[in-house]
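Residue numbers (the numbering used here): 121 to 263.
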């Protein structure tokens, strides 16, 4: 039977240090890889519909996230629609103001994002104000 390989304590410490270093490099590499952002859903004219409803909730992005999309929960009969509007900064720039209880008419595309059904608003009418959020091709006007 061959003799066992013998390590001096200093060799063992070097091997352990090298192992820890290599493991941390691998972990750093994995963490440094950015997870790709999911692509936003595309406006689909095949699913476009005009709907009237009452705003149940206005969901604003947190402070410092003004580029994130504002969305509304709109009650339409027994259904509640999750309506995506535009970034908060664009909404403020355009003077749009939505509150719970507001009656609106919206034109938008019903799409899926993952397992979630939502409506991408192209036009929202509140009282005498009409807000155009998407162009004739369905592209956002805030870009």
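Idealized CB from N, CA, C, for every residue including glycine.
Between the segment 170-177 and the segment 195-207, the count of Cβ pairs shorter than 8 Å is three or higher; the stretches touch.
The Cβ atoms of residue 191 and residue 179 sit closer than 7 Å to each other. With fewer than 16 other Cβ atoms inside 10 Å of its own Cβ, residue 256 counts as exposed. The alpha-carbon of residue 241 is positioned some 12 Å away from that of residue 250.
CA-to-CA, the gap between residue 244 and residue 207 works out to about 15 Å.
A distance of 7 Å or more separates the beta carbons of residue 239 and residue 261.
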